[in-house]
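Engineer: Before I ask anything, let me first share the structure, which is written out below as structure tokens.
Number of protein chains: 2
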Amino acid sequence: MKLSEAKAQFISSWGAFGTHWGINRTMAQIHALLLISPEPITQDDIMEQLSISRGNVNMNTRDLVDWGLVDRVLIPGERKEFFSAEKDIWKVATQIIRERKKRELDPMLKLLGQLEQIDGDKKDKDVKQFIETIAGIKKFGGQADKALDVMIKAEEDWFLGSLLKIFK
Amino acid sequence: MKLSEAKAQFISSWGAFGTHWGINRTMAQIHALLLISPEPITQDDIMEQLSISRGNVNMNTRDLVDWGLVDRVLIPGERKEFFSAEKDIWKVATQIIRERKKRELDPMLKLLGQLEQIDGDKKDKDVKQFIETIAGIKKFGGQADKALDVMIKAEEDWFLGSLLKIFK
DNA sequence: ATATTTTTTCAATAAATTTTGAAAATACAA
DNA sequence: TTGTATTTTCAAAATTTATTGAAAAAATAT
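Residue numbers (the numbering used here), protein chains in the order written: chain A, 15 to 182; chain B, 15 to 182.
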């Protein structure tokens with residue numbers, strides 16, 4: 015398989031993959047393109063390679079930067095701004111986990127805490143099932159929350175360890 | 015907070031939560047409704063409680079059954095068919111993991127394996143970055159795959175253990 | 001068998017999301 | 001300053017996805 019063909023297929027698949035994870039196709043495709051680009055590239059490069067409009071590139075690169083997956087890079091002597099993706103997949107994964115935890119899991123757990131305080135006869139089977147369900151999800155969510163923290167921490171420690179090795 | 019209010023909020027939030035996970039809002043809402051229903055309920059019950067059409071209920075309950083999250087229940091003497099959700103959140107979680115692994119992760123890993131075999135000069139930085147990226151994702155994906163298997167296995171063992179306790 | 005209830009399908013419609021592109025804003029240079 | 005390059009915004013258009021509802025199919029009763 016030729017590189018150009020493989021690239022196209024990777025970008026396309028990564029885009030489709032993203033849609034199953036609440037990420038829009040184009041954002042995932044831009045991310046894929048940046049992941050396989052050895053050097054930072056510009057908005058125009060992205061427009062050209064993915065055949066999408068300037069506005070679209072602008073919005074989605076902004077989102078990628080907000081997610082902490084992509085950096086704006088200033089190249090001396092260049093007028094345009096460049097974009098570069100974090101290449102270490104572990105860092106990418108932990109960053110995504112960090113953000114989703116913050117944006118989705120934490121608010122959900124907060125809500126569940128509120129929903130537990132309902133007034134009503136706890137002998138009533140509707141009330142009982144509701145409380146049990148909420149408690150079950152909350153417990154599971156709390157465990158997941160902790161597990162993800164461990165994962166993020168592991169990545170940070172590993173990263174710190176690597177840094178120390180370099181500078182010691 | 016009253017039960018009816020709490021129910022409505024749970025269903026609505028669970029629906030919104032689902033959309034961030036590649037599940038459509040209605041499917042997640044039906045799932046939420048079933049999770050808090052102590053007894054199996056019919057398509058008509060779901061239509062009424064969520065104010066959605068018969069066709070919509072039918073399609074989404076079918077998907078929930080396909081995902082292994084909901085069972086069709088036959089109640090003796092009743093003409094209509096009833097639906098009931100698995101209430102154990104750990105089972106729900108492992109079932110979702112099992113399905114998504116099968117539907118998304120496994121195919122992605124297979125594709126990555128193919129994309130690794132590109133012909134081209136490995137000194138070329140484009141080729142190099144591409145291969146490194148693919149290898150990185152594949153490695154991470156493989157680890158995730160194993161970790162998820164461990165999680166599923168843990169749930170199965172726990173379940174089996176509980177069964178044994180009951181029957182011994 | 002026929003009638004009745006219930007479920008399923010799917011084309012048409014509605015709703016939600018994504019994309020475009022041109023205008024406005026910003027950044028930089030001369 | 002004024003002009004030019006670049007980025008950002010956002011209303012309108014295009015696309016994708018979800019929903020409806022009525023007709024067909026299937027299941028059950030008489």
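Idealized CB from N, CA, C, for every residue including glycine.
Which runs of the alpha helix (DSSP H) spanning at least 4 residues fall entirely within the segment 78–111 of chain A, listed in chain order?
Structural biologist: None, since the segment 78–111 of chain A contains no complete alpha helix (DSSP H) of that length.
Engineer: Between Pro-52/B and Lys-137/A, is the Cβ-Cβ spacing less than 8 Å?
Structural biologist: No. Outside cutoff.
Engineer: If you follow the alpha helix (DSSP H) that Gln-131/A is in, where does it begin and where does it stop?
Structural biologist: Counting along the chain, Gln-131/A falls outside any alpha helix (DSSP H), and DSSP gives it neither H nor E.
Engineer: Between Phe-7/B and chain A, is any beta-carbon pair separated by less than 8 Å?
Structural biologist: Because chain B is modelled from 15 through 182, residue 7/B falls outside the range shown and cannot be assessed.
Engineer: Tell me, which residues are paired with Ile-55/A by DSSP?
Structural biologist: DSSP, once it has assigned bridges, lists Phe-97/A as partnering Ile-55/A.
Engineer: Of all the options Ser-18/B, Ala-161/B, Asp-163/B and Ile-148/B, which has the alpha carbon lying nearest to the alpha carbon of Ala-20/A?
Structural biologist: Nearest C-alpha to Ala-20/A: Ile-148/B.
Engineer: Taking Cβ-Cβ distances below 8 Å as the criterion, which residues of the segment 33–45 of chain A are in contact with chain B?
Structural biologist: Here the close residues are Thr-33, His-34, Trp-35 and Gly-36.
Engineer: Three or more C-beta pairs under 8 Å: does that hold for the segment 31–45 of chain A against the segment 68–85 of chain A?
Structural biologist: Taking 8 Å as the limit for Cβ pairs, the verdict is that the segment 68–85 of chain A does touch the segment 31–45 of chain A.
Engineer: Check whether the Cβ of Ile-103/A sits closer than 7 Å to any heavy atom of the ligand ATP, and report yes or no.
Structural biologist: What this structure holds is no ligand at all, so the ligand ATP is not there to describe.
Engineer: If we count the other Cβ atoms within 10 Å of its Cβ and call it buried at 16 or more, is Met-41/A buried or exposed?
Structural biologist: Answer is buried; the Cβ neighbour count reaches 16.
Engineer: For Ile-66/A, does the three-state DSSP call read helix, strand or coil?
Structural biologist: In the structure shown, Ile-66/A sits in coil (DSSP, three-state: anything other than H, G, I, E or B).
Engineer: Starting from the C-beta of Trp-104/B, find all residues in its chain whose C-beta is less than 8 Å away, skip the five residues before and the five after it, and write them out in chain order.
Structural biologist: Counting only Cβ-Cβ distances below 8 Å, and skipping sequence neighbours, we find Glu-169 and Trp-172.
Engineer: Hey, does Trp-104/B have any beta-carbon neighbour from chain A nearer than 8 Å?
Structural biologist: Chain A, which has a Cβ nearer than 8 Å to the Cβ of Trp-104/B, makes this yes.
Engineer: Contact defined as beta carbons within less than 8 Å: I believe Ser-27/B pairs with Leu-125/A. What is the distance between those atoms, to the nearest angstrom?
Structural biologist: The Cβ separation is near 6 Å, so the contact holds.
Engineer: If Arg-86/B sits next to Val-79/B, beta carbons under 8 Å apart, how far is it from one beta carbon to the other, in whole angstroms?
Structural biologist: That pair is a contact at about 6 Å.
Engineer: Output yes if chain B places a C-beta closer than 8 Å to the C-beta of Ala-20/A; else output no.
Structural biologist: Cβ-Cβ to chain B under 8 Å: yes for Ala-20/A.
Engineer: Shortest alpha-carbon distance to Lys-16/A belongs to which of Trp-81/B, Ile-145/B and Ile-166/B?
Structural biologist: Out of Trp-81/B, Ile-145/B and Ile-166/B, Ile-145/B has the C-alpha closest to the C-alpha of Lys-16/A.
Engineer: Any Cβ of chain A within less than 8 Å of the Cβ of Ile-50/B?
Structural biologist: Yes, Ile-50/B counts as interfacial toward chain A.
Engineer: Drop a sphere of 10 angstroms on the beta-carbon of Val-164/A, count the other beta-carbons inside from all chains shown, and report buried for 16 or more, exposed for fewer.
Structural biologist: It is exposed - the Cβ of Val-164/A has fewer than 16 other Cβ atoms within 10 Å.
Engineer: Could you tell me the distance, in whole angstroms, from the CA atom of Ile-89/B to the CA atom of Gln-63/B?
Structural biologist: Roughly 21 Å separates the two Cα atoms.
Engineer: So Leu-162/B packs on Lys-116/B, CB below 8 Å; how close in whole Å?
Structural biologist: Not a contact, Cβ separation roughly 11 Å.
Engineer: Could you list which residues in chain B have their beta carbon closer than 8 Å to that of Phe-154/A, in chain order?
Structural biologist: The contacting residues are Ile-103, Trp-104 and Ala-107.
Engineer: Report the CB separation of Gln-109/A from Gly-82/A in whole angstroms; it is logged as a contact under 8 Å.
Structural biologist: That pair is a contact at about 5 Å.
Engineer: Just to make sure I have the definition right: I need the residues of chain A whose C-beta is within less than 7 Å of the C-beta of Glu-118/B. Which are they?
Structural biologist: Under the 7 Å cutoff, chain A gives Phe-31 and His-34.
Engineer: What is the residue span of the alpha helix (DSSP H) that Lys-21/A lies within?
Structural biologist: From DSSP, the alpha helix (DSSP H) with Lys-21/A extends over 17–33.
Engineer: Going by C-alpha distance, which of Lys-167/A, Gln-157/A and Asp-135/A is nearest Asp-120/A?
Structural biologist: Here the closest residue by C-alpha is Gln-157/A.
Engineer: Starting from Arg-39/A and walking both ways along the alpha helix (DSSP H), at which residues does that stretch end?
Structural biologist: Where Arg-39/A is concerned, the enclosing alpha helix (DSSP H) stretches over 39–49.
Engineer: Thinking C-alpha only, which one of Phe-97/B, Arg-39/B, Arg-93/B and Lys-101/B is nearest Ile-55/B?
Structural biologist: The shortest C-alpha separation from Ile-55/B is found at Phe-97/B.
Engineer: Compare the C-beta of Thr-147/B with all C-beta atoms of chain A and state if any pair is closer than 8 Å.
Structural biologist: So yes, Thr-147/B belongs to the interface.
Engineer: As a quick exercise: from Gly-150/B, Ile-66/B, Ile-37/B and Lys-139/B, pick the residue whose alpha carbon is nearest that of Leu-129/B.
Structural biologist: Measuring from the Cα of Leu-129/B, the nearest candidate turns out to be Gly-150/B.
Engineer: Would you mind telling me which residues of chain B sit closer than 8 Å to Phe-144/A, beta carbon to beta carbon, in chain order?
Structural biologist: Simply Leu-17, Ala-20, Lys-21, Phe-24 and Ile-50.
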